[in-house]
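S.K.: The structure that follows is given in the form of structure tokens.
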Amino acid sequence: MRKSIRRVFWLYTLLFLLLIFYLLKITLKDSKNYILNPMNPRLSSKAEDIKRGTIYDNNGTEIAHSEQTENGFERLYKTEGNYSSVIGYTENGMSGVEAGYNFNLESIDAELLQRISAIFTKEPVKGNDIYLTIDDRVQCAAANALNGAKGSVVAMEPNTGRILAMASNPTFDSNTVVEDWDYLTQNEEDSPLINRATQGLYPPGSVFKIITTAAALSANENNEDFEYTCNGYEQFGDTVMKCFEGYAHGTERMENAFAQSCNTYYATIAEHIGSAKLMQTANNFGFNSPVDFPLSHETPRFALDETSQLNELSETAIGQGKTLVTPLFMVMIASAVANDGVMMKPYILDRVVNCYGIQKQKTIPEIKARVCTPEIAQKINKFMCACVSNGTGTGADFYAALPDNSVSGSSVYVGEQHITVAGKTGTAENSSGEDHSWFVCFAPAQNPKIAVAVLLENSGHGDSAEYIAADVMKTYLEIK
Amino acid sequence: MQSIFIIISKYLFVLYMAIFLLNGFLINLTRQEMADFNIAYRLSNQRLSIYFTHITAAIIFVTVNLDGQWQKVLAYFTASLFLIMIGDIILRTVYKEASHMLYNCIFYAVDIGLIILYRLDGELAIKQLIWCAVGVFLLVVLPFVLNVLPRLDRLKILYVFLSLALLIATLIFGKSEYGSKNWLNVGPVGFQPSEIVKILYVLYISSVLSHNPSLKKIFRTAIISGIVIICLVLQKDLGSALIFFMTFLVVVYIATGKFLYLFAGMLALPAASLLGYTFFDHIKVRVSSWLDPWSDIAGGGYQVTQSLFAITTYGLMGIGLTKGFPENIPVVERDFIFAAICEEMGVLFGIGVIMLFVLMFLEGVRASLESRSRFLTLLCAGLTVLLSFQTFLIIGGVIKFIPLTGVTLPFISYGGTSIVITFAIMSVVQWIFTRNNSYTEDKSEDETDNRVRLNQSKVTHKEEIFEDTESDSEEEMLLNEAIPPKKRKNKHEKID
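Set out below in structure tokens:
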């Protein structure tokens, strides 16, 4: 009897020890994965008596900082560079980086030490500072290139997932959000509070042909040589599909069809591979699953299944139909192609530094998914190069003044060097007005350092998106 | 200044807890060698830890002044400190033979509960304080009552009758509270019958199984347990059902020493769970929100995820009393109070609370090991197992170690019936301590004939006496009971 009691006691002690271990495990290890969940009410808490941390770009340019006034603290923002949509605001609720990293900005490191020294120095207790992955020069280039046009520019480093720039128009001024609040919330036509880069959902247009190409090549690698004669139009199910302005591309293979953005070619090849394959590839690329980005964002949508009709399939294959994407997602797709089929998880927070300058946290790039094989990615890369060199995306071709490597890294500029750009244009049909125009690209094509997605609302079928992308890439490649 | 004090207080709370536990475990490890004055010194260290915890918390609440009435805060903390100190002094004076460390554990747990409840809801905390006063009163009075009652192990029919009456009445007239129909109103008084049944049930099974636990008796208790458990499942009070089931298994195992029963029961548990999972939607919800609460974070997974946020966001040290956001956790005053403790006083302190319960149950185990009567051994072990499993269930559920079942955290969660019954259970354990120790004294005075001595002593109970060495098998033990007292003396000397 006593033996049994002792055994039961040890069993229970073991259970309680397990509880303790589990409690330590969730606190020290697992919690990193979920405390930043937006449902955690602790993230949005703001203390009145502490100085909120400063937000810097990657090189230490101040983007947002707090200053003490008679009545509390005032938050001041850098005005040039179209930062407001991405940085957000802290009055009347919170948004953008201010909301996403509120917990870091409000966390006080070495609180006891700070509080005690505050008694003597009268300096306010300060939250941690954050450094973004954004490069102020690239951001300003994007803002200037966009030049007030309605739309969005997102730039990303393909092999890490670092966001280099993120601009959105129409926008607002973070400094005067309270004063402008009524205007900002009532202006439904422009919705300036929406960050179009992450929250704007648009049909992808012909850019979606990247996905269709990947699906076709993964169904059968010889599909590259699939031949088709384009007459400018063709019947699919009960609808007639037309190429741009009814232009007949003639007999072509995949590379040419991609470069010329031939709709009927892609609708035909989609019919060959079937909707299940297209759906599987789209899901591999990350459609219909959360993007997992710390700022408010929308999930890219793809509405096709095995039961879809032929006309739906052909429309989806060329990026019309019910497919919806964000500019952020488009730059992720371009990056995945640039990065041999490996899609990196996008991130915008580079590091967290406490008030004594000690680094507390540093983001390590993470692979989000392997969306296609390296061979397929390289083929799409080649097609995208053709699109820029002799297809629909020639506007993105540019020369950049690069430091000559032969002078061992010194910044002696020896003429302008031609950069091979890989890109894809797109025109998204818009039922309520002029079409939206897309351009996604990366450069240099053989050793991609930057990927850019540009969306211009209601700009029709122009090539201004290509020039904007070229400006952003040029700026980045020149400072690199 | 106040912010600085709150930060320092986080470390102070952990320090107090560490001192309390260190002294407690030291007493337990070295009880044999330790001199009496040394034990007394360590016990007084523990008491100081409790008082300091209380005063530190009181300073925070008075300065932060949540409701804007610092006088009220001061009155509450003075009254609760008064209850703890005076109650402790009375108990120590009246029951010199009881475990004073167990009193310390109880009061520490109660005090932590009163502090965190005041943080969460001042009105509830005042009610809880009143219930605690009733509980302390029980601690003082119940052992007296138990001493004059006739033999407790003869009232089996009464226990069964009362238990079933209470449970069936709840099924018919009960009211729903937090999804379980486990609340009964009699006139103006509302209470949770399942709590009362806890004591009655353990009394019943330990009285049946204390004398020669044959298969027939086990079967009989199994049927009664089955009825009780089914009643609880029908009331959707799954936590209590599980607690009774585990208590039954463990008591049968202790009574028979046969591991087979425990093993068979453990096999029955998954089978029963599977059945429950298939037939009851609310079990399905509980299980799926345990497996993956994150996929339904706004719905079924809300409670557990909010609890996890509270526990882990501020790490090992917590954010400091009054600085956190425990009000976002659903039913935080009852089921999820442990999450609030971890959030504001830190996960380390939460671990301390778990250890405090281990220390508390260790005392219960000691009482049952020292008991010379099979009935009291079983009773004490049963009650201890019941409370410890309840503690495991709720803490495990709150930290998502196991699926959540809504039961109270003993002495800490808000709930009148729960508090009073937990105090009553501890009163019984302390009563068993006094019985054990008075017996030991008798023995040391005159070892010639224990049984006669015991019969002559003013104690009215005449439980069967048994002796039990470290290594004896069950046959030997049964044999012991049959051997006349004269012969058993030799055995006795061997133990002491």
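As given, the protein sequences belong to chains P and Z, one line each in that order.
The opening position of the first sequence corresponds to residue 1 in this note's numbering, with each subsequent residue numbered one higher.
The opening position of the second sequence corresponds to residue 1001 in this note's numbering, with each subsequent residue numbered one higher.
All C-beta atoms in this analysis are idealised placements derived from N, C-alpha and C, irrespective of residue type, glycine included.
Nothing here was measured: the structure is a model prediction, and the numbers come from that model.
1) If the criterion is Cβ atoms closer than 8 angstroms, does the pair residue 114 of chain P and residue 387 of chain P meet it?
2) Would you say residue 1003 of chain Z faces chain P, with C-beta separation under 8 angstroms as the test?
3) Quick check: is any heavy atom of the ligand ADP less than 7 angstroms from the C-beta of residue 274 of chain P?
4) I'd like the list of long-range same chain contacts for residue 1010 of chain Z, defined as Cβ closer than 6 angstroms, with 5 residues on each side in sequence excluded.
5) Check each candidate in P:452, P:470 and P:279 and name the one with the smallest Cα separation from residue 328 of chain P.
6) What's the call for residue 438 of chain P, buried or exposed, on a 16-neighbour Cβ count within 10 Å?
7) What did DSSP end up calling residue 169 of chain P once you bin it into helix, strand or coil?
8) Would you list the residues sitting across from residue 1191 of chain Z in a DSSP beta bridge?
9) Can you give me the C-alpha to C-alpha distance between residue 1465 of chain Z and residue 1371 of chain Z, rounded to a whole angstrom?
10) In chain order, what residues of the segment 1381 to 1396 of chain Z put their CB closer than 9 angstroms to some CB of chain P?
11) Using a Cβ-Cβ distance under 8 angstroms, would residue 2 of chain P count as near chain Z?
12) Check each candidate in Z:1307, Z:1279 and Z:1356 and name the one with the smallest Cα separation from residue 1289 of chain Z.
13) Using a beta-carbon distance below 8 angstroms, is residue 1268 of chain Z in contact with chain P?
14) Tell me the residue span of the beta strand (DSSP E) that contains residue 65 of chain P.
15) Name, in chain order, the residues that DSSP records as bridge partners for residue 152 of chain P.
16) Pick helix, strand or coil for residue 1047 of chain Z, following the three-state DSSP scheme.
17) In the DSSP assignment, the alpha helix (DSSP H) including residue 209 of chain P goes from what residue to what residue?
18) Should residue 447 of chain P go down as buried or exposed, given a rule of 16 or more other Cβ atoms within 10 Å for buried?
19) Return helix, strand or coil for residue 95 of chain P, following the three-state DSSP convention.
20) Within a Cβ cutoff of 7 angstroms, which residues of the same chain sit near residue 462 of chain P, ignoring the five residues on either side of it in sequence?
21) Could one say the Cβ of residue 1298 of chain Z lies closer than 8 angstroms to chain P's Cβ atoms, at least one of them?
22) Just tell me which of Z:1401, Z:1121 and Z:1200 has its CA closest to the CA of residue 16 of chain P.
23) Report back the beta-carbon spacing between residue 27 of chain P and residue 1311 of chain Z to the nearest angstrom; my notes put them in contact at under 8 angstroms.
24) Determine which residues of the segment 1140 to 1169 of chain Z have a Cβ less than 9 angstroms from any Cβ of chain P, and write them out in chain order.
25) Determine the extent of the beta strand (DSSP E) in which residue 132 of chain P is found, giving its start and end residues.
26) When the Cβ atoms of the segment 1106 to 1117 of chain Z are set against those of the segment 1364 to 1378 of chain Z, are three or more pairs found closer than 8 angstroms?
27) State the Cα-Cα distance for the pair residue 341 of chain P and residue 1109 of chain Z, rounded to the nearest angstrom.
28) Output needed for residue 1227 of chain Z: all residues of its chain with C-beta closer than 7 angstroms, excluding positions within five of it in sequence on either side, in chain order.
29) Say whether chain Z places a C-beta atom closer than 8 angstroms to the C-beta of residue 34 of chain P.
30) Using a beta-carbon distance below 8 angstroms, is residue 1508 of chain Z in contact with chain P?
31) List, in chain order, every chain P residue whose beta-carbon is nearer than 7 angstroms to that of residue 1328 of chain Z.
32) Would you call the CB atoms of residue 258 of chain P and residue 213 of chain P closer than 8 angstroms?
33) Is the distance from the Cβ of residue 241 of chain P to the Cβ of residue 263 of chain P below 8 angstroms?
34) Which residues of chain Z have a Cβ atom closer than 8 angstroms to the Cβ of residue 5 of chain P, listed in chain order?
35) Enumerate in chain order the residues of its own chain whose CB-to-CB distance from residue 218 of chain P is below 8 angstroms, with the five nearest sequence positions on each side excluded.
36) What is the residue span of the alpha helix (DSSP H) that residue 73 of chain P lies within?
M.R.: Let me spell this out:
1) no
2) yes
3) The ligand ADP is not part of this structure, which contains no ligands at all.
4) 1317, 1318, 1320 and 1346
5) P:452
6) buried
7) strand
8) Z:1184
9) Confidence at residue 1465 of chain Z is low in this model, with a pLDDT of 47, below 50, so the placement of that residue should be treated as unreliable; the coordinate-derived value is given next. In a straight line, the C-alpha of residue 1465 of chain Z is about 9 angstroms away from that of residue 1371 of chain Z.
10) 1381, 1384, 1385, 1388, 1389, 1391, 1392, 1395 and 1396
11) yes
12) Z:1307
13) no
14) 62 to 69
15) P:168 and P:455
16) helix
17) 209 to 219
18) exposed
19) coil
20) 437
21) yes
22) Z:1401
23) 7 angstroms
24) none
25) 129 to 132
26) no
27) 58 angstroms
28) 1164
29) yes
30) Any answer about residue 1508 of chain Z is impossible in this case: the structure gives chain Z only from 1001 up to 1496.
31) 41
32) yes
33) yes
34) 1254, 1365, 1368, 1369, 1377 and 1381
35) 277, 281, 372, 373 and 376
36) Here residue 73 of chain P belongs to no alpha helix (DSSP H); instead the beta strand (DSSP E) covers 72 to 77.
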